[in-house]
Amino acid sequence: MISSAAPRPPRFLRACRREPVDATPIWLMRQAGRYMPEYRALRQNYSMLDAIRTPELAAEITLQPIEAFDLDAAIIFSDILPPLIGMGLPLAFVKGVGPRIERPLRTTRDIDLLATPPAETIMPGTLEAIRLVKATLEPRGIPLIGFAGAPFTLASYAIEGGGSKTYARAKTLMYTEPAAWKRLMTRLVTVIGDFLARQAEAGADVLQVFDSWAGALGRGDYERYVRPFNRMLFDRLRRVGKPVIHFSTGTSAYLDAVAASGGDVVGVDWRLPLDEAWAKIGPDRAVMGNLDPVALLGPWRELKAHTDDVLDRAAGRPGHVFNLGHGILPETPVENVRRLVDYVHERTSVKSLSEV
């Protein structure tokens, strides 16, 4: 007799919902990227923005690690910064330097001139790439993650013009022009929220918000100048009906405040042991993390020990998604990635879901 029961959702989606799994799911931030020779070969002929804007190229890059490793999710190949281009801030990826905003925000008038166009206008290539990738992944039962940058991180890039050690310009604007800061963050919530919602419509199964620069702030500034807008964004995303991951770095001192901003899954970096981080976040959330990316550069005995520590601290509780505490490093050996992915599955697997 053929069972008519619906197939069980992939383990990654079940973990996001804190449901039992047959093995801990694993994916790696920046898993499609420079550590893979296939990626480096492709990028010899295309710029970063060309690769992002060309759906077929972005889809091919997205699938490269899925073909190479037994990962539990794919993440669409893109970057958090291109939506700023559509808002009126030209962007270039400068070799050896990184992303640069050509006309960073310097006055309140600059903020008021920012546009808030729909995602179909500013990021059509990414939305089409999601449709292409989804057509390949869905028959294989592999979920796809869509993503965007958080309001504070994008605001800081837009104001500083690139990377920063002090975030002095961004913080000065917060302190001296709070009304303009509110207008800027509200505009960013509008653009980010629409972009993420359209990614879900195009086929993304999970959405991730990257607040990579939130660790530049103290608790007081985070709660006053950032959390209200993050909550605005996550409240909007709740209506989309897809699991949402909230990832930040350097925020261990106020991880509870980060968690209070929203998200079904809270990503944590390696600076705080996983069990301590989970205690701050609360038992009602799933947790993603938190292997130090540098551990992948060491010998297997060290990589295994670091991996075991993360898994021991997770203690098999429903709701753990194994990941790095930040993006995979370009010099990471491919074989270490393969060994890590296989080991996480092997160590955490159970004979059947009924035994979980």
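If you read the sequence shown in the numbering used here, its first letter stands for residue 1, the second for the next number, and so on. Beta carbons: idealized from backbone N, C-alpha and C, even for Gly.
For Pro7, does the three-state DSSP call read helix, strand or coil?
Taking the sequence shown and counting its residues from 1, one reaches residue 7 at position 7. Residue state, collapsed to three classes: coil.
Could you tell me if Glu60 is buried or exposed, where buried requires 16 or more neighbouring beta carbons within 10 angstroms of its beta carbon?
In the sequence shown, the residue the question calls residue 60 occupies position 60. It is buried - the Cβ of Glu60 has at least 16 other Cβ atoms within 10 Å.
Can you check the stretch 84 to 120 for any beta strand (DSSP E) of at least 3 residues that lies completely inside it and give the ranges in chain order?
Taking only runs of at least 3 residues, the beta strand (DSSP E) segments lying wholly in the stretch 84 to 120 are 91 to 94 and 98 to 101.
Let me make sure I understand the geometry here. Which of Val258, Gly162 and Ala148 has the alpha-carbon closest to that of Pro99?
As a first step, residue 99 is located in the sequence shown; it is residue number 99 there, counting from the start. Answer by Cα proximity: Gly162.
Determine the extent of the alpha helix (DSSP H) in which Gln199 is found, giving its start and end residues.
If you number the sequence shown from 1, residue 199 lands on position 199. DSSP places Gln199 inside the alpha helix (DSSP H), whose first and last residues are Pro178 to Ala202.
Distance, Gly327 Cα to Arg17 Cα
Here residue 17 is taken as the residue at index 17 of the sequence shown, counted from 1. Here residue 327 is taken as the residue at index 327 of the sequence shown, counted from 1. Looking at the backbone, the Cα of Arg17 and that of Gly327 are separated by about 23 Å.
Among all the DSSP beta bridges, which residues are the ones paired with Phe210?
Here residue 210 refers to the residue found at position 210 of the sequence shown. The partner list for Phe210 (beta bridge, DSSP) reads Gly149 and Phe247.
Taking only three categories from DSSP, how would you classify Phe322?
As a first step, residue 322 must be located in the sequence shown, where it is residue number 322. If DSSP states are grouped into helix, strand and coil, Phe322 belongs with the strands.
Pull up the distance between the alpha-carbon of Lys134 and that of Pro318, whole angstroms please.
Here residue 134 corresponds to residue number 134 of the sequence shown, with the count starting at 1. Here residue 318 corresponds to residue number 318 of the sequence shown, with the count starting at 1. Each residue's alpha carbon lies about 26 Å from the other.
DSSP bridge partner residues for Val287 (one or two, in chain order):
Locating residue 287 in the sequence shown gives position 287, where the first residue counts as 1. Listed as beta-bridge partners of Val287 by DSSP are Val266 and His320.
Is Leu217 helix, strand or coil by DSSP?
Taking the first residue of the sequence shown as position 1, residue 217 is located at position 217. Of the three classes helix, strand and coil, the one that applies to Leu217 here is coil, per DSSP.
Can you tell me whether Ala68 is helix, strand or coil according to DSSP?
Taking the sequence shown and counting its residues from 1, one reaches residue 68 at position 68. Residue state, collapsed to three classes: helix.
Where Trp80 sits in the DSSP three-state scheme
Translated into the one-based positions of the sequence shown, residue 80 becomes position 80. According to the sequence displayed, residue 80 carries Ile and not Trp. Three-state result, Ile80: coil.
Roughly how many angstroms separate the alpha carbons of Phe12 and Ala73, rounded to a whole number?
Along the sequence shown, read from residue 1 onward, the residue named residue 12 stands at position 12. Along the sequence shown, read from residue 1 onward, the residue named residue 73 stands at position 73. The straight-line gap from Cα to Cα measures roughly 7 Å.
Helix, strand or coil for Ala32 per DSSP?
Working through the sequence shown from its first residue, we reach residue 32 at position 32. Here Ala32 sits in coil by DSSP.
Contact under 9 Å by Cβ, Leu255 with Val310
One-based indexing of the sequence shown puts residue 255 at position 255. One-based indexing of the sequence shown puts residue 310 at position 310. In this structure, Val310 does not lie closer than 9 Å to Leu255 by Cβ.
According to the neighbour-count rule (16 or more other Cβ atoms, all chains shown, within 10 Å of its Cβ), is Ser212 buried or exposed?
As a working mapping, residue 212 is identified with position 212 in the sequence shown. Sixteen is the threshold: when 16 or more other Cβ atoms of the shown chains lie within 10 Å of the Cβ of Ser212, as they do, the residue is buried.
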